[in-house]
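Throughout, my numbering is defined as the position within the sequence shown, counted from one, plus 9. All C-beta atoms in this analysis are idealised placements derived from N, C-alpha and C, irrespective of residue type, glycine included. All values derive from a computational prediction rather than experimental measurement. The structure appears right after this line, and notes come after that.
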Amino acid sequence: MHVVDSHTGGEPTRVVISGGPELGSGSFTERVAKLRDEHDEWRSAMVNEPRGSDVIVGALLCEPTDASCAAGVIFFNNVGYLGMCGHGTIGVIVTLAWLRRIKPGDHRIETPVGIVDARLHENGEVTVRNVPCYRHAKDAAVQIEDFGIFTGDVAWGGNWFYLLHTHKFEVAPRNVAQLTDFACRVRHQLPLQGVTGEGGAEIDHIELSGVAHQPYADSKNFVLCPGNIYDRSPCGTGTSAKLACLYSDGKLKAGGIYRQEGILGSVFEGSVEVRDGKILPSIKGTAFITGEAELNLDPRDPFCYGVPK
Ligand code: PYC
10 MHVVDSHTGG EPTRVVISGG PELGSGSFTE RVAKLRDEHD EWRSAMVNEP
60 RGSDVIVGAL LCEPTDASCA AGVIFFNNVG YLGMCGHGTI GVIVTLAWLR
110 RIKPGDHRIE TPVGIVDARL HENGEVTVRN VPCYRHAKDA AVQIEDFGIF
160 TGDVAWGGNW FYLLHTHKFE VAPRNVAQLT DFACRVRHQL PLQGVTGEGG
210 AEIDHIELSG VAHQPYADSK NFVLCPGNIY DRSPCGTGTS AKLACLYSDG
260 KLKAGGIYRQ EGILGSVFEG SVEVRDGKIL PSIKGTAFIT GEAELNLDPR
310 DPFCYGVPK
């Protein structure tokens with residue numbers, strides 16, 4: 010497998026350029042199902058130890074079904090598959106530029122949850138206009154043993170998020186163990202207490218907000234991803250979910266700017282556009298290439314497909 014590694018605001022992306030499993034030319038939903046059902050070991054081999062780590066998000070480049078797209082991509086992580094990935098799309102665009110497959114300008118990328126528009130700016134920054142995002146439920150309550158009752162919004166940002174209104178932690182790197190533990194408890198309780206995304210969809214991302222440390226940012230977040238790993242970046246889909254809620258509450262106008270700081274201090278610049286009543290959030294950020302490699306799978310290796318989870 011030929012891979013290019015990058016990070017976006019501290020969160021790594023490994024783009025698989027070639028050598029991945031044959032998934033056919035069906036819809037992206039069908040291709041994800043094939044990857045999950047027939048090649049899930051391959052996913053684990055790409056991102057998990059010993060070739061990777063729990064934090065890496067993989068991005069398998071595919072032929073798009075829509076000819077207007079520069080590429081199709083399926084995102085995955087240490088435990089499964091993501092609908093969309095904002096930091097990962099920024100990583101994909103910077104990777105395609107690194108490979109000289111695209112130049113600064115506008116590029117469409119097909120994902121399992123829809124087509125996103127990306128602009129590679131001359132200075133290397135990337136703006137991603139996400140799929141339509143929305144708040145599914147406002148003030149949904151959840152009780153957490155030893156902590157009490159919390160409320161939050163359920164929102165779609167390309168993945169399902171629960172965004173807590175309050176919590177007792179300072180959002181700071183020294184608190185990631187407590188933040189992770191608390192967010193894991195919240196995620197565990199949500200389905201047990203009937204809080205889901207649309208149609209009963211599982212909420213697999215939890216977002217906690219706090220006071221920004223960067224003087225130019227509006228807030229700082231901590232996002233727990235599936236696989237119990239926190240996003241090192243401000244989380245593109247998490248920022249999109251938040252932007253949709255802010256817009257719905259009248260706290261952000263179309264075209265207004267909202268700067269979302271992540272746990273490490275990196276910032277995505279967000280904004281929303283509204284078309285035909287649909288909220289289209291955009292995030293702007295930067296990715297840096299960290300490496301390019303050929304990965305080898307040796308079936309004699311007991312850890313060929315990653316360390317067991
Ligand atoms: O940036 O959307 C994102 C994301 C999702 C999971 C990790 N990063």
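Item: For a quick check, are the C-beta atoms of V140 and G167 less than 7 angstroms apart?; Value: yes
Item: For H176, count neighbouring Cβ atoms within 10 angstroms of its own Cβ and tell me buried if that reaches 16, exposed if not.; Value: buried
Item: Going residue by residue through the segment 164-250, where are the continuous beta strand (DSSP E) segments of at least 3 residues, counting only ones entirely within it?; Value: 169-173, 214-219, 228-234
Item: With a 10 Å radius around its C-beta and 16 neighbouring C-beta atoms as the bar for buried, classify L201 as buried or exposed.; Value: exposed
Item: Beta carbon of D213: closer than 6 angstroms to some heavy atom of the ligand PYC?; Value: no
Item: Can you check DSSP and say which residues form a bridge with L129?; Value: G114, V135
Item: If you drop the 5 nearest sequence neighbours on each side, which residues of the same chain put their C-beta closer than 7 angstroms to that of Q223?; Value: E270, G274, V276
Item: On the DSSP letters alone, give me the boundaries of the alpha helix (DSSP H) that H96 sits inside.; Value: 95-107
Item: In the DSSP assignment, what are the bridge partners of H11?; Value: S27, E303
Item: Just to check my reading of the structure: K43 and G29 have Cβ atoms closer than 8 angstroms, yes? What is that Cβ distance to the nearest angstrom?; Value: Rounded, the Cβ-Cβ distance is 11 angstroms, inconsistent with contact.
Item: For V281, which option in N184, G265, P73 has the closest C-alpha, if you only look at C-alpha atoms?; Value: G265
Item: Using 10 angstroms around the beta-carbon of K343, count the other beta-carbons present and answer buried if the total reaches 16, otherwise exposed.; Value: Outside the shown range of the chain, which is 10 to 318, sits residue 343, and nothing can be said about it.
Item: Are S27 and A296 touching if we call contact CB-CB under 7 angstroms?; Value: no
Item: With which residues is K43 paired in a DSSP beta bridge?; Value: Looking at the DSSP assignment, K43 forms no beta bridge with any residue, so it has no partner.
Item: Out of G133, Y256, V232, K318, state which residue places its alpha-carbon closest to the alpha-carbon of G245.; Value: V232
Item: Is the number of C-beta pairs between the segment 291-305 and the segment 141-148 that are closer than 8 angstroms three or more?; Value: no
Item: Identify every run of the beta strand (DSSP E) within the segment 31-84, keeping only runs that are complete inside it and at least 3 residues long; order them along the chain.; Value: 66-71
Item: I'd like to check one pair, R241 with G19: are the Cβ atoms closer than 7 angstroms?; Value: yes
Item: According to DSSP, is C313 part of a helix, a strand, or is it coil?; Value: coil
Item: Measuring only the C-alpha atoms, how far is G206 from R309?; Value: 42 angstroms
Item: Count the CB pairs spanning the segment 89-108 and the segment 123-131 that are closer than 8 angstroms, and state whether there are at least three.; Value: yes
Item: Considering only the beta carbon of each residue, do L70 and V56 sit closer than 7 angstroms?; Value: no
Item: So, under 8 angstroms CB-CB, Y171 and I215 are touching, yes? Tell me the CB distance rounded to an integer number of Å.; Value: 5 angstroms
Item: Tell me, please, which residues DSSP counts as bridged to G123.; Value: T120
Item: Pick out whichever of G219, G259, L304 has its Cα sitting closest to the Cα of I272.; Value: G219
Item: Report back the beta-carbon spacing between W169 and Y143 to the nearest angstrom; my notes put them in contact at under 8 angstroms.; Value: The pair is not a contact, with the Cβ atoms about 11 angstroms apart (cut-off 8 angstroms).
Item: Please report the distance separating the alpha-carbon of D49 from that of E72.; Value: 20 angstroms
Item: Is DSSP giving S275 helix, strand or coil here?; Value: coil
Item: Measuring only the C-alpha atoms, how far is E303 from F159?; Value: 47 angstroms
Item: What number of angstroms, rounded off, separates the C-alpha of G259 from the C-alpha of G161?; Value: 17 angstroms
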